[in-house]
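Residue numbers (this note's numbering): 9 to 259.
Glycine residues also receive a C-beta, built at the ideal position from the N, C-alpha and C atoms.
Note sheet for the following structure.
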Ligand SMILES: C[S@@+](CC[C@H](N)C(=O)[O-])C[C@H]1O[C@@H](n2cnc3c(N)ncnc32)[C@H](O)[C@@H]1O
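As C-alpha cells, this is what we get:
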C-alpha cells in the first residue's frame with residue numbers, strides 16, 4: 009500500500025525530475041493529457057496549469073493515492089498502467105517514477121507509440137539506481153536474514169529499467185529524446201536514506217511484515233545505510249540518485 013503522506017515527505021526532491029521531464033514536451037494545446045501512476049496528484053496539478061484547455065485525466069493503482077488526488081480536484085481513477093488503453097484524442101502521456109514497478113513496460117511503451125495519434129507525446133522518467141548501494145544493501149539483507157519470510161515480495165531486480173539508449177531503441181521512426189541525470193540529494197535528519205527508501209523500495213517489504221518484524225528489519229538495515237551514506241559534520245547526508253528520462257514524439 010502506498011502512503012501519500014510518506015511519499016510527500018520528499019515532494020521537492022521528487023518533483024524536480026518531473027519538471028525537467030515535462031520541460032521537454034513541446035505540445036502547445038493538447039486535447040487530452042493523461043498522468044499514469046499519478047500518486048497523490050500534486051504533480052498532475054502542474055499538468056493542468058501548463059495546459060489549461062486540455063482534459064486532464066489521471067490513473068493510479070492505489071485507492072489511497074486516487075483518493076488523495078481527488079481531494080485536489082483531479083479527475084483520478086483507479087487503474088493499472090499495464091492495461092491502460094489511450095483514447096483517440098490523447099495527445100500527451102506522462103508517467104513519472106512509475107514504470108520501474110511494471111515488469112514488461114518496454115513492450116507497453118512500444119504499444120502506446122502505435123496506439124496514440126500521430127504527433128502525440130510520451131514522457132516517462134524512472135529511477136535508475138536499482139544497482140546502487142542502498143538497493144544492494146536491501147537485497148543483501150533480505151537474502152541473508154529474511155528470505156523465507158519475504159519470499160513472495162516483489163523486490164525490483166537490478167535490471168528493472170533500461171538505459172537511455174535502451175529506451176530510445178523502442179521507438180522506431182519516432183522523434184526520441186532520452187537522457188540520464190544523477191542528482192545529489194541533500195538529506196537531513198536521522199537515517200534520512202532509510203526514510204527515503206521506506207517511501208519507495210521498502211514499501212512492499214513493510215506491507216508484508218508485522219509491525220514488530222518491520223521495526224526489526226529497519227533496525228538491521230539502518231547501520232548499513234549509515235555506513236555507506238554517512239552523515240556529515242554539518243548534519244547533511246548526500247544521497248546520489250540516478251534517473252532515466254525519455255520523451256518521445258509519436259510518428
Ligand atoms: C513513486 S510514485 C509516483 C507518483 C507520481 N507520478 C509522482 O511523480 O509524484 C509511484 C506511483 O505509481 C503507482 N503505481 C505503481 N504501479 C502501478 C501500476 N501498475 N499502475 C498504476 N499505478 C501504479 C503507485 O501507486 C504510486 O502512486
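Scanning the stretch 121–182 from its first residue to its last, the whole alpha helix (DSSP H) runs of 4-plus residues come out as 141–149, 172–176. Per DSSP, the unbroken beta strand (DSSP E) holding residue 246 starts and ends at 244–257.
As the crow flies, the alpha-carbon of residue 107 is around 6 angstroms from that of residue 134. DSSP, reduced to helix, strand and coil, places residue 104 within a strand of the structure shown. Sequence-distant partners of residue 186 (beyond 5 residues in either direction) whose C-beta falls short of 6 angstroms from its own C-beta, in its chain, are 172, 175, 176, 254.
In the DSSP assignment, residue 203 is bridged to no other residue.
For residue 242, the closest alpha carbon among the candidates 198, 251, 103 is that of 198. The continuous beta strand (DSSP E) containing residue 41 extends over residues 40–44. For residue 68, the enclosing beta strand (DSSP E) covers residues 63–68. In the structure shown, residue 193 adopts extended strand secondary structure according to DSSP, grouped into three states. Fewer than three Cβ pairs drawn from the stretch 223–240 and the stretch 113–131 lie within less than 8 angstroms of each other, which leaves the two stretches out of contact. Within the same chain, 68, 84, 85, 86 come within 7 angstroms of residue 74 by CB-CB distance, once the 5 residues on both sides are set aside. DSSP places residue 241 outside both helix and strand once states are collapsed to three, so it counts as coil. The stretch 193–207 makes no contact with the stretch 160–168, as fewer than three CB pairs between them are under 8 angstroms. In the three-state scheme derived from DSSP, where H, G and I count as helix and E and B as strand, residue 35 is classed as coil.
Put simply, the backbone Cα of residue 130 is about 27 angstroms away from that of residue 140.
Cα atoms of residue 192 and residue 21: separation of roughly 10 angstroms, rounded to the nearest angstrom. Proximity of the stretch 95–113 to the stretch 45–60 meets the contact definition, three or more beta-carbon pairs being nearer than 8 angstroms. Collapsing the DSSP output to three states places residue 227 in a helix. Distance check between residue 188 and each of 115, 136, 91 places 136 closest, using alpha-carbon atoms only.
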